[in-house]
Amino acid sequence: MSLAFRFGAIAIAHESLLNIIPRLPAISIRIGETVSEAPASEIDPRLEELAEHLHNNDGEPPFMIDNGILRAVPKKKMSYRRHRTKLYAPGNKQVQPLHNIVRCSACGRVKRSHFMCMYCFAEIRTFLKGLKRENGIIKDAVDPQADIDPTDARILYPGKNISAHEHQLKKKDYVPKREEPLMFDKEKLMREKKKWYN
Numbered sequence: 679m680s681l682a683f684r685f686g687a688i689a690i691a692h693e694s695l696l697n698i699i700p701r702l703p704a705i706s707i708r709i710g711e712t713v714s715e716a717p718a719s720e721i722d723p724r725l726e727e728l729a730e731h732l733h734n735n736d737g738e739p740p741f742m743i744d745n746g747i748l749r750a751v752p753k754k755k756m757s758y759r760r761h762r763t764k765l766y767a768p769g770n771k772q773v774q775p776l777h778n779i780v781r782c783s784a785c786g787r788v789k790r791s792h793f794m795c796m797y798c799f800a801e802i803r804t805f806l807k808g809l810k811r812e813n814g815i816i817k818d819a820v821d822p823q824a825d826i827d828p829t830d831a832r833i834l835y836p837g838k839n840i841s842a843h844e845h846q847l848k849k850k851d852y853v854p855k856r857e858e859p860l861m862f863d864k865e866k867l868m869r870e871k872k873k874w875y876n
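With the working numbering as the guide, the letters of the sequence shown map in order to residues 679 to 876.
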């Protein structure tokens with residue numbers, strides 16, 4: 679839609695170029711004319727704002743026109759099963775669109791009607807868990823090794839003994855040194871035996 683606006687604006691603005699360039703269809707949509715035909719009581723004030731904006735900016739469309747087109751792009755590839763279910767399943771087994779989506783009266787997020795808002799549910803759950811922790815109903819698991827002496831920890835859990843070779847391999851700047859190849863000597867080659875038979 680915005681392409682039509684832009685192309686129409688370019689075609690109107692550059693009439694001198696139309697004689698040079700081969701003929702292209704000039705598309706221009708005038709919102710102001712369609713608005714003026716409707717009765718004054720039915721005109722939406724947002725349409726009047728849009729018409730004024732288009733006339734003041736020489737037909738350049740506002741940024742908001744592209745937003746709906748750019749957002750209506752699938753984010754992930756549809757799975758094979760979902761595709762088959764949507765297209766080829768009988769009508770009663772197809773994935774039905776939800777018509778009972780409303781906004782939560784407390785937080786304003788989208789939810790299904792007659793269902794609890796999951797954001798509010800999570801807030802209530804964290805609040806109640808905090809109260810239970812304060813009252814001592816819920817006790818967090820205490821790590822028995824939290825207050826152990828470092829010397830005792832070294833004796834009880836000595837850890838893995840790393841050899842010098844493994845320690846060297848863990849270094850970032852470690853490059854294994856290859857042995858230099860021996861120089862090629864022709865005298866050390868085994869000579870082929872001469873064939874005495876014909």
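All C-beta atoms in this analysis are idealised placements derived from N, C-alpha and C, irrespective of residue type, glycine included. Keep in mind it's a predicted model, so treat the numbers as computed, not measured.
* On the three-state DSSP scale, how would you describe residue 789? -> Of the three classes helix, strand and coil, the one that applies to residue 789 here is strand, per DSSP.
* Given residue 865, which residues of its chain have a CB within under 8 Å of its CB, disregarding the five upstream and five downstream residues? -> Result list for residue 865: empty, nothing under 8 Å.
* **Beta-carbon proximity check, residue 776 vs residue 790, cutoff 8 Å** => yes
* **For residue 869, the first and last residue of its enclosing beta strand (DSSP E)** => Unbroken run through residue 869: none, as it is neither H nor E.
* Classify residue 867 as buried or exposed, calling it buried when 16 or more other Cβ atoms lie within 10 Å of its own Cβ. => exposed
* From the DSSP output, in three-state form, read off residue 816 for me. => Coil, per DSSP.
* Assuming residue 788 and residue 802 make a contact with CB atoms under 8 Å, what is their CB distance in whole Å? -> Actually they do not touch by this definition, with Cβ atoms about 18 Å apart.
* Asked: What residue does the beta strand (DSSP E) around residue 781 start on, and which one ends it?
  -> 779 to 781
* Hey, is residue 727's beta-carbon within less than 8 Å of any beta-carbon in chain B? -> Among the chains of the structure shown, chain B does not appear; only one protein chain is present.
* Under three-state DSSP, which class holds residue 796? -> Three-state result, residue 796: helix.
* Quick one: Cα of residue 807 to Cα of residue 825, how far? -> Straight-line Cα distance between these residues: approximately 26 Å.
* **Span of the alpha helix (DSSP H), counted from its first residue to its last, around residue 729** => 723 to 734
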